[in-house]
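Peer 1: So the protein sequences, as listed, match chains A and B.
Counted from 1, the first sequence has number 60 at position 61 by numbering that gives the first Met the number 0; the numbering is strictly sequential.
Counted from 1, the second sequence has number 267 at position 268 by numbering that gives the first Met the number 0; the numbering is strictly sequential.
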Amino acid sequence: MKKLVCILVIALFVLHQDWWLWANGDLVFGFMPIGLAYHTLFSILAGVVWALAVKFAWPSDIEAWADATDDTGDHVAVDVAAPVEGSS
Amino acid sequence: MSVVALYVIIGYLVLLLFIGFASQHFFRGTSADYFVASRSIGPFMLLMSLFGTTMTAFALVGSTGKAYASGIGVYGLMASWSGLIHSAVFFLVGIRLWAIGKKYGYVTQCQFFRDRFQSPTLGFLLFPVLVALIIPYLLIGIVGAGAVVRGLSGGMFPEAFAGIPHPVREGVMLHAGAIPPWLTGLVICVVVLTYVFFGGVRSTAWANTFQTIVFMITGVIAFVLIAKALGGASAASQAVADTSPKHLIREGMIGKWQFFTYLFVPLSVGMFPHLFQHWLTARSAKTFRLSVIAHPICIMIVWVPCILMGIWAVGNGIEAPGGNANAILGKMVGQLLHTPWLSGLLTAGILAAIMSSLDSQFMCMGSMFTNDIAMRLKGDAEWSDRRKLMTGRSFVLAIVVVTYLLSLVWNKGIFEMGVWCFSGFGGLFPLVIAAIYWRRATRAGAISAVIAAAATWLVLFAKSGYGGEYLLFENTFGDAHDGIMPVAAIFAVCALTMFIVSLFTRPPDADTVDQFFPSKRS
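1) Run the CB neighbour count on B:W340, radius 10 Å, all protein chains shown included, and call it buried at 16 or more, exposed below.
2) For the candidate residues B:W311, B:Y105 and B:A347, whose alpha-carbon lies nearest to that of B:L335?
3) Cα separation between B:M308 and B:G231?
4) Output the distance between the C-alpha atoms of B:M389 and B:F197, rounded to the nearest integer angstrom.
5) Thinking B:L46 and B:L274 are a contact (beta carbons under 8 angstroms), I'd like their distance in whole angstroms, please.
6) Could you give the uninterrupted runs of the beta strand (DSSP E) lying entirely in the segment 229–316 of chain B, keeping only those of 3 residues or more?
7) Who are the near neighbours of B:L14 in its chain, counting only those whose CB is closer than 6 angstroms to its CB and skipping five residues on each side?
8) Rounded to whole angstroms, what is the Cα-Cα separation between B:R386 and B:T496?
9) Please list the terminal residues of the continuous alpha helix (DSSP H) segment that includes B:V88.
10) Using a cut-off of 7 angstroms between C-beta atoms, extract the partners of B:R288 located in chain A.
11) On the premise that B:I139 lies in contact with B:L405, defined as a C-beta separation below 8 angstroms, what is that separation, rounded to the nearest angstrom?
12) Classify A:C5: buried if its beta carbon has 16 or more other beta carbons within 10 angstroms, exposed otherwise.
13) Given a threshold of 16 other Cβ atoms within 10 Å of its Cβ, counted over all protein chains shown, does B:D513 qualify as buried or as exposed?
14) With 16 as the cutoff for other CB atoms within 10 Å, does B:W552 come out buried or exposed?
15) Give the interface partners of B:S236 over in chain A, defined as CB-CB distance under 9 angstroms, in chain order.
16) Where do the ends of the alpha helix (DSSP H) carrying B:R386 lie?
17) So, is the C-beta of A:L35 closer than 9 angstroms to a C-beta in chain B?
18) Assuming B:I483 and B:L471 make a contact with CB atoms under 8 angstroms, what is their CB distance in whole Å?
19) Could you tell me the distance, in whole angstroms, from the CA atom of B:I8 to the CA atom of B:A351?
20) Is it the case that the Cβ atoms of A:M0 and A:L40 are separated by a distance below 9 angstroms?
21) Give the list of continuous beta strand (DSSP E) stretches no shorter than 3 residues that lie fully inside the segment 413–443 of chain B.
22) Let me make sure I understand the geometry here. Which of B:P244, B:L125, B:F25 and B:I216 has the alpha-carbon closest to that of B:A68?
23) Quick one: residues in its chain with C-beta nearer than 7 angstroms to the C-beta of B:K330, no 5 flanking neighbours on either side, listed in chain order?
24) Kindly list, in the order they appear in chain B, the residues whose Cβ is closer than 7 angstroms to that of A:L11.
25) With DSSP run on the structure shown, which of helix, strand or coil describes B:P517?
26) Within its chain, find whatever has a CB closer than 7 angstroms to the CB of A:D78; leave out the 5 residues flanking it on each side and keep chain order.
27) Could you tell me which chain A residues have their CB closer than 9 angstroms to the CB of B:P429, listed as they occur along the chain?
28) What residues of chain A sit near B:R95, judged by a beta carbon separation below 8 angstroms?
29) Under 9 angstroms between C-beta atoms, does B:V88 make it to chain A?
30) So, is the C-beta of A:W19 closer than 9 angstroms to a C-beta in chain B?
31) For B:L266 versus B:V88, is the C-beta distance shorter than 9 angstroms?
32) Whether or not the segment 56–70 of chain A and the segment 92–111 of chain B are in contact is what I'm after, with contact meaning three or more pairs of Cβ atoms, one per stretch, closer than 8 angstroms; do they touch?
33) Give me the subset of the segment 247–270 of chain B whose CB atoms are less than 8 angstroms from a CB atom of chain A, sorted by chain position.
34) Inspect the beta-carbon positions of B:P157 and B:G145 and report whether they are closer than 9 angstroms.
35) Here's the rule I'm using: 16 or more other beta-carbon atoms within 10 Å means buried, otherwise exposed. How should B:N474 be labelled?
36) Please report how far the alpha carbon of B:T53 lies from the alpha carbon of B:G467, in whole angstroms.
Next comes the structure, spelled out in C-alpha cells:
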C-alpha cells in the first residue's frame with residue numbers, strides 16, 4: 000500500500016498541470032469556472048490521498064523512537080563544543 | 000461602515016485578549032512552556048495553529064486582490080499546490096523534526112541545524128537569514144490589515160482623518176474619513192503583543208484556534224452574502240463571463256511554466272521558523288494526523304470563496320480604491336454589505352487571519368533570539384528560566400516595534416512580497432531535507448548551501464526591482480506571460496551546492512549523525 004500511496008502522490012503532481020483546461024472558461028454549476036472547479040476537486044483529492052498515507056504509510060518507527068525518551072523540555076542536545084568547528 | 004461595526008471589531012479584540020489571558024491559567028511558568036507549550040498541544044489545536052499560521056493577509060486579502068488582477072489561475076498557483084505540498088511537508092519533515100525536537104529538547108530551528116551539522120557558525124549564519132526573511136512576512140500582515148480596514152471604513156470619520164491627496168486629480172482626497180493603516184497596525188500590534196508577551200506559544204495556539212475558526216466562518220458568511228448582494232453566484236460569475244472572460248481562464252494571464260514552478264513556493268513551510276516551533280508543541284506524532292489530512296480541505300474552504308470574490312469584483316464593476324488590489328475585499332464588504340454588525344464581524348475575521356500569523360511569527364522571533372543568540376553568546380549555564388522568559392519577551396517587544404515602524408513606510412504589493420518571502424524559505428528547503436534524510440550531508444555543504452541560496456535570492460530580488468513580480472527566462476516559452484519562478488532557481492542552487500560541497504568534504508562523524516536518524520538507533 001505504501002507504493003500505491005507514493006504513486007497517488009506522484010499522480011497528483013502530474014494532474015495539477017491541467018493544461019487541457021487552460022483556455023476553457025465554461026461555468027460549472029452555473030457559477031464555478033471549470034479551471035477553479037478542477038482545482039477545488041484536486042484539493043479534496045489531496046486530502047483523500049493524505050488520509051491514505053496516514054492510514055497505510057504512517058512512520059510509526061519515528062514515533063516509537065521519539066516516545067522512548069524521557070524528555071524534560073529543556074535543551075539537552077548533542078555537545079556542539081566550538082572546537083568541532085572547522086575540524087573537517 | 001458605521002460606528003456599530005467598529006464596536007464589533009473592538010469587542011472581538013477584547014475577546015481575543017481575554018482568551019490570551021485565559022490560556023495563562025495553564026502556563027507553568029517555565030521557559031519550556033513559554034516556548035513550546037510543554038509539548039502538550041492536541042490534534043485540533045495543532046491543525047488550527049498550523050493552518051491559521053500559514054493563512055495570513057496573503058491568503059485572504061492577497062488572494063482576492065491577485066484574483067482581481069489575474070483571474071482564477073491564482074488558486075492553482077498557490078492553493079492547490081499548497082494543499083498537496085504543505086501536507087507532504089508536515090508528513091515527511093514535520094513529524095521527523097517533532098521527533099528529533101522532542102528527543103533533544105529543541106526549541107528553535109537553529110538549535111537543530113547547529114547540532115545536526117556540529118556547527119555553531121551555521122546557527123549564527125541562519126539566524127539573520129531567517130529573521131530577514133520573516134520580517135517581510137510580518138509586514139504583509141500589518142500592511143494587509145491596514146488596507147482592509149481602510150477600504151472598509153471610508154467616510155466613517157471625516158473630521159478625524161482627511162485622507163491622502165489623489166496622485167493625479169488635484170483637490171481630490173483618497174480614503175477620506177477612513178481609519179488610516181498606521182492606526183490599524185498599531186492596534187493589532189498591541190493586541191498581539193499583549194497575549195504573546197504574557198502567555199507565550201500556548202497563548203498563540205489558543206488565540207490561533209479561536210481566530211482560525213472565526214476567519215473561516217466569517218469568510219464563508221462574506222462569500223454567501225456578497226454572492227447574494229450581486230444577485231446570486233451564477234449572476235455574479237456570468238457578469239465576469241460577459242465583461243472580462245479572461246478572468247475565468249489562465250490563457251494570457253498565467254504561463255504554464257510559471258504555474259508548474261510555483262510548486263517550489265509552498266515548500267517554504269518546511270523552513271518557516273514559526274511552523275517549526277508549532278510542530279514542536281505537538282503532544283505526540285499522532286497529533287499530526289489531522290493536520291496532514293485536513294490542511295488541503297481547510298485551504299480550499301478559505302481560498303475558493305476569495306478567488307471567486309476577486310473575479311466577481313471585476314465582473315461587477317467594483318474598482319479597487321486608488322488602484323490598490325489589496326483593498327478590493329474591504330471595498331466589496333463595505334460597498335455590498337450594509338449590515339454594520341456584519342461588516343464589523345467580517346472585518347474582525349480578516350484581522351483574525353492576519354493576527355493568527357503575526358502572533359506565531361513574533362513568538363518565534365523571541366524564541367530564536369533568546370535561544371540562538373543571547374544564550375549562545377552568554378553561555379547556557381548562566382540562564383535561569385526567569386531570565387530566558389524576560390529575554391524572549393524583550394525581543395518580542397523590540398521586533399514588534401521595529402516591524403510596526405517599517406510598516407509605515409512599506410509600499411509593496413502583498414501577494415508579490417509574500418511570494419518573495421516564501422521564495423527565500425522555499426529555496427532553503429534542501430537544507431532541511433538533507434539534514435534529516437541524507438547522512439552524507441556535511442557542515443561545509445550546509446553552510447555553503449545557505450550562503451548560495453541567500454546570495455541567489457538577493458540577486459534575483461534586486462533584479463525584480465526589490466519586490467516586484469519577476470520570472471526567469473521570460474518570453475522564451477512562446478508565451479509573453481510565461482517563465483520560471485525565481486524560487487526554482489534558488490532551490491536548485493541550494494540543492495546543488497549542498498550536494499556538491501558535501502561530496503567533496505569530509506563525511507560527518509557517524510556517531511553524531513546516528514543521533515538524528517531514527518532507523519539506526521531505535
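Don't be surprised by glycine CBs; every beta carbon is placed ideally from N, CA and C.
Peer 2: With the given structure in hand:
1) Looking up residue 340 of chain B in the second sequence gives position 341. That one is exposed.
2) Numbered from its first residue, the second sequence carries residue 335 of chain B at position 336. Residue B:W311 is the option with its Cα nearest to B:L335.
3) Your numbering for residue 308 of chain B matches position 309 in the second sequence. Your numbering for residue 231 of chain B matches position 232 in the second sequence. B:M308 and B:G231: Cα-Cα distance of roughly 12 angstroms.
4) For the purposes of this step, residue 389 of chain B is identified with residue 390 of the second sequence, where counting begins at 1. For the purposes of this step, residue 197 of chain B is identified with residue 198 of the second sequence, where counting begins at 1. Those two C-alpha atoms are separated by around 10 angstroms.
5) On the second sequence, residue 46 of chain B is found 47 positions in, with the first residue counted as 1. On the second sequence, residue 274 of chain B is found 275 positions in, with the first residue counted as 1. At roughly 13 angstroms, the Cβ-Cβ gap does not stay under 8 angstroms, so B:L46 and B:L274 are not in contact.
6) none
7) Residue 14 of chain B sits at position 15 when you count from the first residue of the second sequence. Here the set comprises nothing.
8) For this step, residue 386 of chain B is matched to residue 387 along the second sequence. For this step, residue 496 of chain B is matched to residue 497 along the second sequence. Computed Cα separation, rounded: 39 angstroms.
9) Here residue 88 of chain B refers to the residue found at position 89 of the second sequence. Where B:V88 is concerned, the enclosing alpha helix (DSSP H) stretches over W80 to V88.
10) Stepping through the second sequence from its first residue, residue 288 of chain B is reached at position 289. Here the neighbours are V53.
11) Locating residue 405 of chain B in the second sequence gives position 406, where the first residue counts as 1. Locating residue 139 of chain B in the second sequence gives position 140, where the first residue counts as 1. Contact doesn't hold; Cβ gap of about 11 angstroms is too wide.
12) Locating residue 5 of chain A in the first sequence gives position 6, counting from the first residue. A:C5 comes out exposed.
13) As a position in the second sequence, residue 513 of chain B is number 514, starting the count at 1. It is exposed - the Cβ of B:D513 has fewer than 16 other Cβ atoms within 10 Å.
14) The question about residue 552 of chain B has no answer here: the residues shown for chain B are numbered 0 through 521.
15) Position 237 of the second sequence, counting from 1, holds the residue named residue 236 of chain B. Those are L26, G29, F30, M31 and P32, listed as they occur along chain A.
16) Here residue 386 of chain B refers to the residue found at position 387 when the second sequence is read from its first residue. Where B:R386 is concerned, the enclosing alpha helix (DSSP H) stretches over D384 to S406.
17) For the purposes of this step, residue 35 of chain A is identified with residue 36 of the first sequence, where counting begins at 1. A:L35 counts as touching chain B.
18) As a working mapping, residue 483 of chain B is identified with position 484 in the second sequence. As a working mapping, residue 471 of chain B is identified with position 472 in the second sequence. Indeed, because the Cβ distance is near 4 angstroms, the residues count as touching under 8 angstroms.
19) Within the second sequence, numbered from 1, the residue matching residue 8 of chain B stands at position 9. Within the second sequence, numbered from 1, the residue matching residue 351 of chain B stands at position 352. For B:I8 and B:A351, the distance between alpha carbons rounds to 10 angstroms.
20) Walking along the first sequence from the start, residue 0 of chain A turns up at place 1. Walking along the first sequence from the start, residue 40 of chain A turns up at place 41. No, the pair does not count as a contact, with Cβ atoms beyond the cut-off.
21) none
22) Locating residue 68 of chain B in the second sequence gives position 69, where the first residue counts as 1. Per the Cα distances, B:P244.
23) The count along the second sequence starts at 1 and reaches residue 330 of chain B at position 331. G150, I317, A319 and P320, listed in sequence order.
24) Numbered from its first residue, the first sequence carries residue 11 of chain A at position 12. Here the neighbours are L83.
25) Translated into positions along the second sequence, residue 517 of chain B becomes position 518. In the structure shown, B:P517 sits in a helix (DSSP, three-state: H, G or I).
26) Counting from 1 along the first sequence, the entry for residue 78 of chain A is found at position 79. Reliability of the predicted coordinates at A:D78 is poor, the pLDDT of 41 falling under 50, and the value obtained from them is presented with this limitation in mind. None.
27) Taking the second sequence and counting its residues from 1, the one referred to as residue 429 of chain B is at position 430. Going along chain A, no residue has its Cβ under 9 angstroms from B:P429, so there is no contact; the nearest lies around 18 angstroms.
28) Along the second sequence, read from residue 1 onward, the residue named residue 95 of chain B stands at position 96. Within 8 angstroms Cβ-Cβ: P58 and I61.
29) The residue given as residue 88 of chain B occupies position 89 in the second sequence. So no, B:V88 is outside the interface.
30) Residue mapping note: residue 19 of chain A aligns to position 20 of the first sequence, counting from 1. Answer no: the Cβ-Cβ gap between A:W19 and chain B never drops below 9 angstroms.
31) Within the second sequence, numbered from 1, the residue matching residue 266 of chain B stands at position 267. Within the second sequence, numbered from 1, the residue matching residue 88 of chain B stands at position 89. Contact flag set, yes.
32) yes
33) L247, I248, R249, E250, K255, F258, F259 and L262
34) Locating residue 157 of chain B in the second sequence gives position 158, where the first residue counts as 1. Locating residue 145 of chain B in the second sequence gives position 146, where the first residue counts as 1. Not a contact, by the Cβ cut-off of 9 angstroms.
35) For the purposes of this step, residue 474 of chain B is taken as residue 475 along the second sequence, with counting starting at 1. Label assigned to B:N474: exposed.
36) Locating residue 53 of chain B in the second sequence gives position 54, where the first residue counts as 1. Locating residue 467 of chain B in the second sequence gives position 468, where the first residue counts as 1. Each residue's alpha carbon lies about 22 angstroms from the other.
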